[in-house]
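J.: Sharing a structure with you now.
In our numbering, the protein residues as written are 5 to 463.
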């Protein structure tokens, strides 16, 4: 967990594909070496450190690549990609149980290292990021050109009368000018007396964009993300959300309630199965155009619901009851896990995803260090696992409330800006101007009239 932020930052400098290859080597090596462990300390180093670092080098770049590859259906893309985690969790829990029974400890880890070699096949299918980025830029430029052309046609139609009068005045002035003056017609990029056409402004914007992208790549960490209050509240909430230890204590709680080992394994499979299904479902649903702007608020609402299973687990006694609540837990986890990076993009944008993801993983890593000792202390103090789950439920509820504070503040701010813009329009003050008409570096709003000097002509 603590390696993921470092890898996320390295993605700004090193190819994601190279980092994934390095991670695959470390992960396979860590699993294979763990088969020959002779002590718990050996496992800490081989499986905990070596394999853990390798997993971080594979997981983080693979996640960040999705934000660059997909723009229109990003939510669905993250849902489908993250569904692999659920499928693996659904299959691996009973599989490892059977492997331990038939092949023992060493044989199981050797087989797992062989399965992990499939990572090399998957990583080899990653397309070069530069090719995809260039194609995405071309597509975005085409979309901008279409929108600019349609907007320009609209402005020309609404200003037809004023333009006709302006042309008449200009033609009269041109006849009185010196013969040495030249009039250039139908030039795609034209600047005359401070009048910039659409093409010249677009070129300037593209140059500034490329300059900003180059300067952004030089920075390993973009601390400007910490200025966003909404992101800060999301990081605090993520810290609190990872304090519960249901993954560690849920099997122990189930066994304490009288469930068998195989039933406990099935419980984990139910969580993984429902998690997988709703990662994909959430991607389809939250990619609906009318719901895209509501994704952070839906994420917040689901966070409030997530505390319910934590309060219910200590009250259950049968496998059927555990299965039902585990299904609910999987549904909630699937939606939140699949949309976590999408929410970051919605708040800060794609360019700041590596840095924002690194900060979020750091807070989550700190929580995983604090949560288990606290839950273990509660179990040792009261002799049962119930209070550990109550602590987890209260933590999730508190985190959802913190996240709600950031969302409410953002909603109020947007509403206030919207009212200010509406008041400006009613008072005759333009609040937005077309981006492609500029005179002396001042935008010409709709409804305004051009007063050009005899030397200036915009065609």
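For each residue, glycine too, the CB sits at the ideal point set by N, CA and C.
Going by C-alpha distance, which of 18, 288 and 121 is nearest residue 32?
T.: Selected option, being the one with the closest Cα: 121.
J.: Sorted by chain position, which residues of the same chain lie with C-beta nearer than 7 Å to residue 383's C-beta, five sequence neighbours on each side aside?
T.: Correct list, in chain order: 389 and 392.
J.: Classify residue 121 as helix, strand or coil using the three-state DSSP reduction.
T.: Residue state, collapsed to three classes: coil.
J.: Would you report the Cα separation of residue 347 and residue 356, rounded to the nearest angstrom?
T.: Each residue's Cα considered, the two are about 12 Å apart.
J.: What residue from 400, 365 and 373 has the CA that sits closest to residue 12's CA?
T.: The option with the nearest alpha carbon to residue 12 is 365.
J.: Tell me, please, whether the stretch 326-342 touches the stretch 21-40 by the rule of three or more beta-carbon pairs shorter than 8 Å.
T.: No, they do not touch.
J.: Measuring only the C-alpha atoms, how far is residue 83 from residue 340?
T.: Between residue 83 and residue 340, the C-alpha separation is close to 10 Å.
J.: Return the CA-CA distance between residue 252 and residue 287, expressed in angstroms with no decimal places.
T.: Rounded to whole angstroms, residue 252 to residue 287 spans 28 Å at the Cα level.
J.: Applying the 10 Å Cβ sphere with the 16-neighbour rule, what's the burial state of residue 425?
T.: Flag for residue 425 reads exposed.
J.: Alpha carbons only, please: which of 313, 243, 89 and 263 is nearest the one belonging to residue 362?
T.: The option with the nearest alpha carbon to residue 362 is 243.
J.: Am I right that residue 57 and residue 30 are in contact with their C-beta atoms under 8 Å? What's the rounded C-beta distance?
T.: With 8 Å as the limit, residue 57 and residue 30 qualify as a contact, their Cβ atoms being about 6 Å apart.
J.: Using 10 angstroms around the beta-carbon of residue 419, count the other beta-carbons present and answer buried if the total reaches 16, otherwise exposed.
T.: Residue 419 is exposed by the Cβ-count criterion.
J.: My assumption, with CB atoms under 8 Å, is that residue 79 sits in contact with residue 343. Please give the rounded CB distance.
T.: About 6 Å separates the two Cβ atoms, so the contact holds.
J.: Between 386, 233, 406 and 294, which lies nearest to residue 305 when the distance is taken from Cα to Cα?
T.: Nearest of 386, 233, 406 and 294 to residue 305, Cα basis: 406.
J.: For residue 71 and residue 350, what's the separation of their Cα atoms in angstroms?
T.: Cα-Cα distance, rounded: 11 Å.
J.: In whole angstroms, give me the CA-to-CA distance for residue 98 and residue 250.
T.: Residue 98 and residue 250: Cα-Cα distance of roughly 18 Å.
J.: Looking at the secondary structure, which residues open and close the alpha helix (DSSP H) in which residue 360 lies?
T.: Segment 357-386, the alpha helix (DSSP H) holding residue 360.
J.: According to DSSP, simplified to helix, strand and coil, what is residue 99?
T.: It is helical.
J.: Between which residues of its own chain and residue 164 is the CB-CB distance below 7 Å, once the five residues before and five after are set aside?
T.: For residue 164, the pLDDT reaches just 47, beneath the cut-off of 50, and the residue's location in the model is therefore unreliable, leaving the point undetermined.
J.: Nearest-angstrom Cα distance between residue 398 and residue 95?
T.: Distance between the alpha carbons of residue 398 and residue 95: 31 Å.
J.: With a CB to CB cut of under 6 Å and the five nearest residues on each side skipped, what residues in its chain are close to residue 130?
T.: Closer than 6 Å at Cβ, skipping near neighbours: 21.
J.: Pairs of beta-carbons, one from the stretch 222-238 and one from the stretch 403-417, closer than 8 Å: are there three or more?
T.: Short answer: they touch.
J.: Express the C-alpha separation of residue 112 and residue 77 in angstroms, rounding to a whole number.
T.: Approximately 39 Å, taken between the alpha carbons.
J.: Return the chain-ordered list of same chain residues with a C-beta closer than 7 Å to the C-beta of residue 116, the five sequence neighbours on each side being excluded.
T.: Excluding residues within five positions, the ones whose Cβ falls inside 7 Å are 35.
J.: By Cβ distance below 6 Å, which residues in the same chain neighbour residue 10 in space, the five residues on each side in sequence not counted?
T.: Cβ neighbours of residue 10 beyond the five flanking positions: none.
J.: Inspect the beta-carbon positions of residue 310 and residue 337 and report whether they are closer than 9 Å.
T.: It is a contact, given that the beta carbons lie within the stated cut-off.
J.: Which value, in whole angstroms, describes the spacing of the CA atoms of residue 50 and residue 44?
T.: Distance between the alpha carbons of residue 50 and residue 44: 10 Å.
J.: For the alpha helix (DSSP H) containing residue 342, name the first residue and the last one.
T.: Unbroken alpha helix (DSSP H) run through residue 342: 323-352.
J.: Consult DSSP for residue 68 and reduce its assignment to one of helix, strand or coil.
T.: Residue 68: helix per DSSP, three-state reduction.
J.: Taking only three categories from DSSP, how would you classify residue 414?
T.: In this structure, residue 414 counts as helix in the three-state DSSP scheme.
J.: Tell me the DSSP secondary structure of residue 262 in three-state form.
T.: It is coil, neither helix nor strand.
J.: By how many angstroms is the C-alpha of residue 260 removed from the C-alpha of residue 284?
T.: Each residue's alpha carbon lies about 34 Å from the other.
J.: Shortest alpha-carbon distance to residue 75 belongs to which of 103, 377, 376 and 354?
T.: Per the Cα distances, 354.
J.: Quick one: grab the DSSP three-state call for residue 21.
T.: Residue state, collapsed to three classes: helix.
J.: Can the beta-carbon of residue 127 be found less than 9 Å from the beta-carbon of residue 62?
T.: Yes. Within cutoff.
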